[in-house]
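Residue numbers (the numbering used here): 283 to 526.
Don't be surprised by glycine CBs; every beta carbon is placed ideally from N, CA and C.
Some notes on the structure that comes next.
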């Protein structure tokens with residue numbers, strides 16, 4: 283893929299990663315050490331490759347971003363606290379693909395390209411969207427119904443790509459090591475969506491910085507369906523769940 287109106291040096295190739303890419307993948311996730319919880323190590327990568335897939339984005343032959351995903355009920359993942367934390371509110375984990383963190387490594391790029399790709403992660407049709415498209419396609423191919431994606435609150439880039447791709451924020455929860463995550467979900471086929479909201483209900487808007495209010499709404503029958511860009515502080519829009 284090539285991002286529009288950009289120089290040829292920013293042409294991106296998406297390809298699947300394998301065991302020989304392990305060290306490169308680990309480098310992409312180094313920034314997650316700041317969370318005091320970083321699941322990505324050699325053992326984790328081996329498990330992901332056994333049960334799911336790893337994909338990378340390459341620029342000029344160098345990996346700049348990668349993402350992993352696997353069926354939520356994979357045997358190895360059941361040993362992680364994250365699995366029990368997620369299945370606390372997911373009734374049928376066998377129907378879900380779990381999309382993990384997106385790791386980036388922009389070292390070696392000039393300052394202009396670093397800024398560009400950082401912004402592309404927040405763009406509705408940028409780098410993040412490329413990974414979302416791959417996960418959606420592979421979830422369909424594996425015969426699963428839903429995608430579950432978690433993002434550490436402190437490491438979250440723009441949410442616009444997720445809402446544009448049809449994802450719904452369903453929870454704000456502490457997962458492994460109690461690291462707080464935004465948790466998003468999406469049905470592979472819209473006709474099977476179980477995360478519908480009541481179109482007739484009144485919208486609730488909350489500043490993105492007000493995590494207590496966000497969590498409270500998500501725990502009381504609301505889903506977050508969009509982000510509102512504001513100069514002072516972005517806000518999230520919530521609607522009542524149709525099943526509530």
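In chain order, what residues of the same chain have a beta carbon less than 6 Å from the beta carbon of residue i, not counting five sequence neighbours either side?
{"i": "residue 329", "result": "358"}
{"i": "residue 422", "result": "470"}
{"i": "residue 284", "result": "Its pLDDT being 49, under 50, residue 284 is placed unreliably by the model, and the measurement read from it follows with that caveat. Excluding residues within five positions, the ones whose Cβ falls inside 6 Å are 293."}
{"i": "residue 402", "result": "408 and 409"}
Quick one: grab the DSSP three-state call for residue i.
{"i": "residue 301", "result": "helix"}
{"i": "residue 336", "result": "strand"}
{"i": "residue 353", "result": "strand"}
{"i": "residue 528", "result": "Outside the shown range of the chain, which is 283 to 526, sits residue 528, and nothing can be said about it."}
{"i": "residue 363", "result": "helix"}
{"i": "residue 461", "result": "coil"}
{"i": "residue 348", "result": "strand"}
{"i": "residue 405", "result": "coil"}
{"i": "residue 294", "result": "strand"}
{"i": "residue 371", "result": "coil"}
{"i": "residue 389", "result": "coil"}
{"i": "residue 466", "result": "strand"}
Need the endpoints of the beta strand (DSSP E) that residue i sits in, please.
{"i": "residue 431", "result": "428-434"}
{"i": "residue 381", "result": "378-386"}
{"i": "residue 519", "result": "517-522"}
{"i": "residue 508", "result": "504-510"}
{"i": "residue 454", "result": "450-456"}
Residues in its own chain within less than 7 Å of residue i by CB, not counting five upstream and five downstream?
{"i": "residue 389", "result": "none"}
{"i": "residue 396", "result": "388"}
{"i": "residue 295", "result": "340"}
{"i": "residue 371", "result": "453"}
Mind checking which residues open and close the alpha helix (DSSP H) that includes residue i?
{"i": "residue 327", "result": "324-333"}
{"i": "residue 494", "result": "493-500"}
{"i": "residue 423", "result": "409-423"}
{"i": "residue 445", "result": "442-446"}
Measure the CB-CB distance between residue i and residue j and report whether it falls below 7 Å.
{"i": "residue 488", "j": "residue 518", "result": "yes"}
{"i": "residue 458", "j": "residue 319", "result": "yes"}
{"i": "residue 346", "j": "residue 306", "result": "no"}
{"i": "residue 520", "j": "residue 499", "result": "yes"}
{"i": "residue 311", "j": "residue 385", "result": "yes"}
{"i": "residue 434", "j": "residue 411", "result": "no"}
{"i": "residue 505", "j": "residue 450", "result": "yes"}
{"i": "residue 417", "j": "residue 381", "result": "yes"}
{"i": "residue 439", "j": "residue 404", "result": "yes"}
Taking all protein chains shown into account, do 16 or more other C-beta atoms lie within 10 angstroms of the C-beta of residue i, making it buried, or fewer, making it exposed?
{"i": "residue 431", "result": "buried"}
{"i": "residue 299", "result": "buried"}
{"i": "residue 286", "result": "Since pLDDT at residue 286 reaches only 47, below the 50 mark, its modelled position is unreliable, and the value read off the structure follows with that caveat. Its Cβ having fewer than 16 others within 10 Å, residue 286 is exposed."}
{"i": "residue 301", "result": "exposed"}
{"i": "residue 522", "result": "buried"}
{"i": "residue 419", "result": "exposed"}
{"i": "residue 331", "result": "buried"}
{"i": "residue 463", "result": "buried"}
{"i": "residue 377", "result": "buried"}
{"i": "residue 367", "result": "buried"}
{"i": "residue 290", "result": "In this predicted model, residue 290 has a pLDDT of only 49, less than 50, meaning its place in the structure is not dependable enough to derive any value."}
{"i": "residue 514", "result": "exposed"}
{"i": "residue 399", "result": "buried"}
{"i": "residue 414", "result": "buried"}
If you drop the 5 nearest sequence neighbours on each side, which residues of the same chain put their C-beta closer than 8 Å to that of residue i?
{"i": "residue 471", "result": "427"}
{"i": "residue 297", "result": "337, 338 and 340"}
{"i": "residue 362", "result": "321 and 458"}
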